[in-house]
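Everything in the sequence shown is counted per this note's numbering, starting at 649 for the first residue and increasing by one.
All C-beta atoms, glycine included, are put in the ideal place defined by N, C-alpha and C.
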Amino acid sequence: MPFQISPGVNVSEIDLTTIVPAVSTTTGAFAGVFRWGPVNQAHLVSSEDELVHFYGKPTANNFETFFTAANFLSYGNQLYISRAADTATFNAFANTGPNANVLVKNSDDFLTKTFSANTPFIAKYAGQLGNSLKVSICLSANVFQQNLTAANIANTASSTYFGNTSAEFKLAIGSSVANVIVACDPSPNFAYDSANAIFNAIFQEDFITVGNSTIGTQYMQVASVNVPYLSPTNANAYQFEITFDTVLKLKSNVDSTVNGAVTAVTRNWEYFNSVNGAPGISNYVSQRTSNTAIKDQVHIVVVDETGGFTGVPGQILEVWPNLSRATDAKGEQGGSIYYRDVLNNSSQYVWAATDYLGSSVATNAFPAPSINTPVYFNFTNGFDSAAESAVSISALATAYDVYASAETIDISLVLTGKATASSGSGEVLPNYLIDNIAETRRDCVVFISPPNSAVVSVPGFEQSNVVDFRNLLRSSSYSVIDSGYKYQYDKYNDLYRWVPLNGDIAGLCVRTDNTRDPWFSPAGFNRGQVKNVVKLAFNPNQANRDQLYKNGINPVVTFPGQGTVLYGDKTMLATPSAFDRINVRRLFIVLEKAISTAAKFALFEFNDDFTRAAFRNLVEPYLRDVQGRRGIYDFRVVCDATNNTPEVIDANQFRGDIYIKPARSINFIQLNFVAVRTGVEFDEIVGKF
């Protein structure tokens, strides 16, 4: 018991219920060329839909990468992705002046960047896809909705407005083009100024409210507005046309034009139907100022302007209503409602790069909005990485380096996707991953496919090409190679693609983990069925399989009527050993990871009989459970004075020796059918052949 200074009762609680924990064996890791998403930062996706949402659809430049990931996700639901990008990759941005190309790799990189005042917004991720973005901003009630009259669109000396005798807005029922005529009062120059003011007040894609209470009203979205020109019929008037995206459908029993019957035409912000009303003043600001003219709220809408993300031009991606331009504004729950904080923390599409709209209210000095017209930004200058085969090994290796530390991220299966170049140089990345990820971490397996050029459209040379490629790779029990490519349907582009098989082979390990255990072989007809196969580039026959298998290559074979099957379970270890089998390697990964995790709790304890007994009592039940689940044939745990000698104890060390007899998968079946004479007893001949 602990020492006590004075009499009393001390209660101690000692926890002897610790166990060896379960460890993850189904999490994949992958890096490659994608159209969207963070660069050199691991992000976990759980489905193909999430893959498309975060990293974009496949293109002719990256389909092998995309479908390697998608195929893995058809078997499991945990795949980390790190996007690779070369030096020609840039973020799209919205700018108000000259600006240089910029690459913002990820959220950490964004915090290190300083942007020009010309750049109010920048695409969240790099790539040409960002050029499809538009940001529209509603800064005031007048921006939200405004009557286009002389009071707010022309010189105050003029009486020109829609609906009076000096200007008219004609739009026939059934028509989509309105003719606007602005009369001269008192000079052509002034008439042009008035017309131009009206023209500038009607923004493309905003909505115009047409009509009145008698004939009805209709919202009509502006498609285009042409520049004012001198009226061909009236030398003292200017006119222009507004083209809408629909036709006027007001009551047909009245005048067929909306003309002198209206006293104003109302313009509405393009996205007025996406929010509840005009922006005003937030509670935070109203409680800190007596100036009722202060209006800090702002509506921001992020739009897929050209349809790059959704396939639907003009589709709204995000709506951010009632944000604040006040840098210190807080919401009812205490969180920031400052527009930059909200967008930078929550938007999936844009960064607010500079303090374009903000100001502090700490001294009640926040200005009232002076802008009465909508503000919108179209994004430009986004550029993609090179094609899969052209992106540098350095860029790919850097993207994979996020998985280098086992303490930082927990993974079990590493996909390589496309061999990065033609046969003879495509071995560089796989060897890098074996040396710097798998052999360093020692808790994951790298899955490799030969290059496209080794097996696609090279009839008769597939076997020798694959073997030659294998011979360029390291010997390692932490890597697995398959025999090639499969042909599968690309639903995003309505065509067929050749895709490497390593995503599927890693996926078969996930299926095996989910249906049995990691120490079962993922090969064969029970667990080795490959999905989404139209045909194989190389369907090895028995002679081919013999050559492949003795070189540590796992054939993938299509059997008529039985599907496409992984028909081997070897690792790339060249030395004959139990570890030249996938199930044994993965068994030891599980045991080592689980037991080492549990053993951490012995750190800084005493190396005595009690600690050693506790360790044995921790490990032995776990191994008995694995044995009961057919993972091992037998085991022994030694942790006593025989291996924890005085020298070991004095060196502040602790040793536990764990002996394992791993279960072996059946690779060869011999069936002997022996015919015997009628009078022969079976006991006399059993075991003699």
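Fewer than three beta-carbon pairs drawn from the stretch 733-742 and the stretch 1170-1179 are found closer than 8 Å, and the two stretches are therefore not classed as touching. Below 8 Å, too few C-beta pairs join the stretch 1173-1185 and the stretch 1084-1094 to call them touching: fewer than three. In this structure, DSSP gives P686 a state outside helix and strand, which the three-state scheme calls coil.
For F1095 against T1064, the beta-carbon gap comes to about 6 Å, under 8 Å, which counts as contact. For the pair of segments examined, the stretch 1231-1243 was found not to touch the stretch 1137-1154: the number of CB pairs separated by less than 8 Å stays below three. For A1047 against A732, the beta-carbon gap comes to about 4 Å, under 8 Å, which counts as contact. Put simply, the backbone Cα of V830 is about 5 Å away from that of A885. When the five nearest sequence neighbours on each side are left out, the beta carbons in the same chain lying within less than 6 Å of the beta carbon of L692 are those of Y728, in order along the chain. Note that the C-beta distance between P927 and F769 is not below 9 Å. Every beta strand (DSSP E) of 3 residues or more that sits fully in the stretch 1025-1100 is shown, in chain order, as 1061-1063 and 1093-1096. Taking a C-beta distance under 9 Å as the contact criterion, V1205 and P1188 qualify as a contact pair. Only residues of its own chain outside the window of five on either side were considered, and among them F1283 and R1284 have a CB closer than 7 Å to the CB of Y1307, listed in chain order. Runs of the beta strand (DSSP E) spanning 3 or more residues and lying entirely within the stretch 1165-1214 occur at 1204-1207 and 1211-1214, in chain order. Contact check for V946 against L1005 passes: the beta carbons are separated by less than 9 Å. Inclusion of F1027 and L781 in the CB contact set at 9 Å is warranted, their separation being smaller than that value. For the 9 Å CB-CB criterion, F1227 and S1125 form a contact. Secondary structure at A1250: helix, using DSSP grouped into helix, strand and coil.
In this structure, the beta-carbon distance from R915 to N749 does not fall below 9 Å. Contact annotation: V1062 and V1093 have beta-carbon atoms nearer than 9 Å.
Annotation for N754: P686, V687, N688 and Q689 place their beta carbon closer than 7 Å to its own, counting only its chain and skipping 5 residues before and after. When C-alpha distances from N931 are compared across Q887, E980 and K897, the shortest belongs to E980. N1315 and Y997 have their C-alpha atoms spaced approximately 51 Å apart. Residue environment analysis places N1141 among the exposed positions, since fewer than 16 neighbouring C-beta atoms fall within 10 angstroms of its C-beta. Secondary structure note for D1305: its beta strand (DSSP E) is the uninterrupted segment D1305 to P1310. Here V1103 has E1110, G1132, Y1133, A1185 and F1186 as same chain residues with Cβ atoms under 6 Å from its own Cβ, once five neighbours each way along the sequence are excluded.
The residues P706, in chain order, have a CB closer than 6 Å to that of F714 in the same chain once the five nearest residues on each side in sequence are set aside. Taking the Cα positions, L759 is about 14 Å away from D1003. Excluding its 5 nearest sequence neighbours in each direction, Y723 has C-beta neighbours in its own chain below 6 Å: G1155, V1158 and R1159, listed in chain order. Distance from the Cα of F892 is smallest, within the candidate group N827, S934, S1244 and I929, for N827. Separation of D1091 and L1081 (C-alpha to C-alpha, rounded to the nearest whole angstrom) is 13 Å. Sequence-distant partners of V1274 (beyond 5 residues in either direction) whose C-beta falls short of 6 Å from its own C-beta, in its chain, are I1280. Burial state of E712 is buried, judged by a 10 Å Cβ sphere holding 16 or more other Cβ atoms.
Fully contained in the stretch 931-994 are the following beta strand (DSSP E) runs of length 3 or more, in chain order: 945-952 and 963-972.
Annotation: E853 is outside any alpha helix (DSSP H) and is labelled neither H nor E by DSSP.
Between the alpha carbons of I1317 and I1129 lies a gap of roughly 23 Å.
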